[in-house]
Amino acid sequence: MQLQIVSNKQVSKDTYLIKIDNPEVFDAYPGQFVMVRVNNYNYPLLRRPFSIYNLSNTIDLLYRKVGEGTSMLSLKKPGDSIDILGPLGNGFKIKSDKKLILIGGGIGIAPLCFLKKKIDERKMNCETYFGFNSKDEICVDYGNIATIDGSFGYKGNVVDMAIDKIEENSLIYACGPTIMLKKLALLCHEKKCNMEVSLESRMACGMGVCLGCAVETKNGMSLVCSDGPVFDYKDILWEKM
Amino acid sequence: MGKNVNLTCKVANLIFKNPVLTASGTFGYGVEYEKHLDLNKLGGFVVKGLSIKERSGNNPPRIVETPCGMLNAIGLQNIGVDRFLKEKLPKIAKFNTHIIANIYGTQIDEFLELAEKLNNAERISAIEVNVSCPNVRVGGMLFGKDPNMVFKLTSAIKKVSDKPIIIKLTPNVSDIVSIAKAAESAGADAVSLINTIAGMVIDVKSKKPVLFNKIGGLSGPAIYPVGVKMVYEVYHAVKIPVIGVGGIYSADIALQYMIAGAMLVEVGTANFVQPNITIEIIKGMEEYAKREGISNISDIIGSCCK
Chain X
5 MQLQIVSNKQ VSKDTYLIKI DNPEVFDAYP GQFVMVRVNN YNYPLLRRPF SIYNLSNTID
65 LLYRKVGEGT SMLSLKKPGD SIDILGPLGN GFKIKSDKKL ILIGGGIGIA PLCFLKKKID
125 ERKMNCETYF GFNSKDEICV DYGNIATIDG SFGYKGNVVD MAIDKIEENS LIYACGPTIM
185 LKKLALLCHE KKCNMEVSLE SRMACGMGVC LGCAVETKNG MSLVCSDGPV FDYKDILWEK
245 M
Chain S
5 MGKNVNLTCK VANLIFKNPV LTASGTFGYG VEYEKHLDLN KLGGFVVKGL SIKERSGNNP
65 PRIVETPCGM LNAIGLQNIG VDRFLKEKLP KIAKFNTHII ANIYGTQIDE FLELAEKLNN
125 AERISAIEVN VSCPNVRVGG MLFGKDPNMV FKLTSAIKKV SDKPIIIKLT PNVSDIVSIA
185 KAAESAGADA VSLINTIAGM VIDVKSKKPV LFNKIGGLSG PAIYPVGVKM VYEVYHAVKI
245 PVIGVGGIYS ADIALQYMIA GAMLVEVGTA NFVQPNITIE IIKGMEEYAK REGISNISDI
305 IGSCCK
């Protein structure tokens, strides 16, 4: 559907927050995503998948300028219209009997920020750990922050920062680079705790048709778009990632 | 204006309410699109390629975007013909449109077994035979590159099937006309072309192909002039209907295919970008016909050459 852009601003190094007018019909769960058509021409051809960062009277997406599609998106102005397909996929499941820990790396914090809001609305507690490469990439104003170069907060990767807080009764919600998720998967296995991970993949349709976003799981090939993007970490064949 | 346009087209014994179908591999088993468009409005749809046994497909990465196109190496992931007939077909049988099954085998016997199984499925209007997938290691394109193999395979399938048989051709050959003629002389009811164009994208940092399969099939708007040219050539060489496929994303491109000689068109990659694009294309065709004073859309087929 064609929707109007309310604002589109840079919030940290190469990171932008776009707010899109939300018609009343639009509702979504944390972890779900939308497919954005950057423009109505054939270049770039495919829609881009973005996790929902926040949802109110606007649909908010946090994105990193990494290629031509996101570069074009970053030039969009308030009042411009944009074509959105969604919400798509399966989101995180909030469970009350666990110690909830949110761990995000880089732009992977986007769906976790939406999850945090929903957890807060339910008056439940959670801990948040967000990792970035350096201070200039930080695009969140709460949580425990780690930077690889030590320019802000904990020096090192976010998994090492959170390691002592993870217990058997923890439920981790994670999104971020594959290397971070693999490390977490190993940790969860050792600590016998649970984790829901939101995976990223190249995809063309976002609705289970192109079969481009396949990921190898215990149950064979699964699709990030329609079986995920949120998976139980135990289902993923991490050695194949 | 105001006069109704006749969009119907006939292939073999089948009447299509309009010339717009969806291409195999871009429309799932049909059910996935139910909430995005009224499937009853389509001329027909071609389901994802079916094999005898379920196939898990290639390892990821399977797709990469290219300028105005995409390269894919899915590897014919599908649920297998038996599950299709049991689980999917009943869900799409209610739609008043032609359902075409696309089949893929690694050897002739497999194609025959597939054709036999589908022969009893009343709602399957026709069978499209994939002799042209670039992404599987056995069979696939090997059949489609050799006129003798296409002849042998087509004749064999015609013997076991009562359904109209459409042979889907690959553009990755030196002479597509000779392959189309082989299909025609073996009794094919129609040919559809083109399947994807083989291609490769390399990551310069790792110096490795982006796709796990290394090679993939290029589709999308970038390839349509190749398809239009091949349809034009084949239309002149055979008497059976030609179905145009490749890069169709608007009524204009669909009409180009028809003017080049296509009786029907299949919309592929564009379904990923805009799920209801086929409906827009049908509308656009109708508007074109009204604007140009054409009462039967089939009148434009091959008109480029007149």
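As they're listed, the protein sequences go chains X and S. Here our numbering is used: the first residue of the first sequence is 5, the next is one more, and so on. Here our numbering is used: the first residue of the second sequence is 5, the next is one more, and so on. By construction, the Cβ of each residue, glycine as well, lies at the ideal position given by its N, Cα and C atoms. None of these values were measured; they are calculated from a predicted model.
Thinking residue i and residue j are a contact (beta carbons under 8 Å), I'd like their distance in whole angstroms, please.
| i | j | result |
| --- | --- | --- |
| Val10 of chain S | Ser307 of chain S | Going by the sequence as given, residue 10 of chain S is Asn instead of Val. About 16 Å; that fails the 8 Å criterion. |
| Asn12 of chain X | Ile63 of chain X | In fact, because the Cβ distance is near 12 Å, the residues do not count as touching under 8 Å. |
| Ile369 of chain S | Val214 of chain S | Absent from the structure is residue 369 of chain S, since the part of chain S shown begins at 5 and ends at 310. |
| Ala125 of chain S | Leu89 of chain S | 6 Å |
| Leu92 of chain X | Val163 of chain X | Actually they are not in contact, since the Cβ atoms of Leu92 of chain X and Val163 of chain X sit about 28 Å apart, beyond 8 Å. |
| Leu65 of chain X | Cys143 of chain X | Contact doesn't hold; Cβ gap of about 12 Å is too wide. |
| Pro71 of chain S | Phe216 of chain S | Wrong, their Cβ atoms sit about 22 Å apart, outside the cutoff. |
| Gly35 of chain X | Val234 of chain X | 4 Å |
| Ile83 of chain S | Ile103 of chain S | Not confirmed; about 15 Å, so no contact. |
| Tyr261 of chain S | Gly272 of chain S | With a Cβ gap of about 12 Å, Tyr261 of chain S and Gly272 of chain S do not count as contacting. |
| Leu118 of chain S | Val85 of chain S | 6 Å |
| Lys23 of chain X | Val10 of chain X | 4 Å |
| Ile170 of chain S | Val195 of chain S | 7 Å |
| Asn58 of chain X | Lys121 of chain X | 7 Å |
| Gly232 of chain X | Pro181 of chain X | Wrong, their Cβ atoms sit about 16 Å apart, outside the cutoff. |
Figure out for me which residue from the options has the closest Cα to the Cα of residue i.
| i | options | result |
| --- | --- | --- |
| Ile19 of chain S | S:Val249, S:Pro245 and S:Gly265 | S:Pro245 |
| Leu75 of chain S | X:Trp242, X:Gly216, X:Asp145 and X:Asn198 | X:Gly216 |
| Met184 of chain X | X:Ser174, X:Gly93 and X:Ile167 | X:Ile167 |
| Glu290 of chain S | S:Asn280, S:Ile281, S:Val51 and S:Ile301 | S:Ile301 |
| Leu197 of chain S | S:Gly148, S:Phe155 and S:Thr282 | S:Gly148 |
| Phe276 of chain S | S:Ile304, S:Val195 and S:Ile67 | S:Ile67 |
| Gly224 of chain X | S:Arg59, S:Leu122 and S:Gln278 | S:Arg59 |
| Asp236 of chain X | X:Gly71, X:Cys209 and X:Ala189 | X:Ala189 |
| Met128 of chain X | X:Leu7, X:Ser100 and X:Ser138 | X:Ser100 |
| Asp140 of chain X | X:Lys17, X:Asp84 and X:Leu7 | X:Lys17 |
| Thr12 of chain S | S:Leu46, S:Glu36 and S:Tyr37 | S:Leu46 |
| Gln8 of chain X | X:Leu79, X:Leu59, X:Lys69 and X:Asp87 | X:Asp87 |
| Ala97 of chain S | S:Glu38, S:Val238 and S:Gly79 | S:Glu38 |
| Val269 of chain S | S:Ala293, S:Tyr292 and S:Val235 | S:Val235 |
| Ile248 of chain X | X:Leu119, X:Phe136, X:Lys120 and X:Leu50 | This structure cannot speak to residue 248 of chain X, because chain X is shown only from 5 to 245. |
| Leu41 of chain S | S:Tyr292, S:Ala293 and S:Ile285 | S:Ile285 |
Use the C-beta contact count for residue i: other C-beta atoms within 10 angstroms, 16 or more gives buried, fewer gives exposed.
| i | result |
| --- | --- |
| Met5 of chain S | Interpretation of Met5 of chain S is limited by its pLDDT of 48, a score under 50 that renders its predicted location unreliable; the figure taken from the coordinates is listed afterwards. By the neighbour-count rule (16 or more Cβ atoms within 10 Å), Met5 of chain S is not buried but exposed. |
| Glu69 of chain S | buried |
| Pro23 of chain S | buried |
| Tyr146 of chain X | exposed |
| Glu132 of chain S | buried |
| Lys81 of chain X | exposed |
| Arg295 of chain S | exposed |
| Leu104 of chain X | buried |
| Gln81 of chain S | buried |
| Val15 of chain X | exposed |
| Pro168 of chain S | buried |
| Gln111 of chain S | exposed |
| Gly297 of chain S | exposed |
| Gly109 of chain S | buried |
| Met5 of chain X | exposed |
| Leu79 of chain X | exposed |
| Lys303 of chain S | Contrary to the premise, residue 303 of chain S reads as Asp rather than Lys in this sequence. It counts as exposed. |
| Cys309 of chain S | exposed |
Please state if the CB of residue j and the CB of residue i are separated by a distance shorter than 8 Å.
| i | j | result |
| --- | --- | --- |
| Leu43 of chain S | Gly34 of chain S | yes |
| Gly73 of chain S | Ala258 of chain S | no |
| Tyr33 of chain X | Gly95 of chain X | yes |
| Val53 of chain X | Met207 of chain X | First, the amino acid is wrong: residue 53 of chain X is Pro here, not Val. Yes, Cβ-Cβ distance for Pro53 of chain X and Met207 of chain X is below 8 Å. |
| Gly53 of chain S | Asn134 of chain S | yes |
| Met203 of chain S | Leu222 of chain S | The sequence shown places Gly at residue 203 of chain S, rather than the Met named in the question. Yes, these two residues count as a Cβ contact at 8 Å. |
| Asn44 of chain X | Lys102 of chain X | no |
| Ile152 of chain X | Asn161 of chain X | yes |
| Gly73 of chain X | Val29 of chain X | no |
| Ser230 of chain X | Met211 of chain X | yes |
| Val232 of chain S | Ala264 of chain S | yes |
| Val242 of chain S | Lys185 of chain S | yes |
| Ala16 of chain S | Asp193 of chain S | yes |
| Val213 of chain X | Phe49 of chain S | no |
| Tyr253 of chain S | Ile281 of chain S | yes |
In chain A, which residues lie with their C-beta within 8 Å of the C-beta of residue i?
| i | result |
| --- | --- |
| Leu50 of chain X | Checking the listed chains, one finds no chain A in this structure; the protein chains it contains are X and S. |
Checklist entry - For the stretch 201 to 221 of chain X, which residues have a CB atom closer than 9 Å to at least one CB atom of chain S, in sequence order? => result Per Cβ criterion, the list reads Ser205, Arg206, Met207, Ala208, Cys209, Gly210, Met211, Gly212, Val213, Cys214, Leu215, Gly216, Cys217, Ala218, Val219 and Glu220.
Item to check | Residues within the stretch 31 to 62 of chain S neighbouring chain X, beta-carbon criterion of under 7 Å | outcome: Result list: Phe31, Gly32, Glu36, Ser60 and Gly61.
Item to check | Members of the stretch 223 to 234 of chain X near chain S, C-beta cut-off 7 Å | outcome: Listed by position, the residues of the stretch 223 to 234 of chain X near chain S (Cβ gap below 7 Å) are Gly224 and Met225.
Checklist entry - In the stretch 54 to 86 of chain X, which residues sit with their C-beta less than 7 Å from some C-beta in chain S, listed in chain order? => result Of all residues in the stretch 54 to 86 of chain X, none has a C-beta nearer than 7 Å to a C-beta of chain S.
Checklist entry - Along the stretch 33 to 48 of chain X, what residues have a CB closer than 8 Å to any CB found in chain S? => result Cβ contacts with chain S come from Arg41, Asn46, Tyr47 and Pro48.
Item to check | the stretch 100 to 112 of chain X: positions lying closer than 9 Å to chain S by Cβ | outcome: Answer in chain order: no residues at all.
Next on the checklist: Counting only Cβ-Cβ distances shorter than 7 Å, please list the residues of the stretch 207 to 227 of chain S near chain X, keeping chain order.
Outcome noted: Correct list: Gly224 and Pro225.
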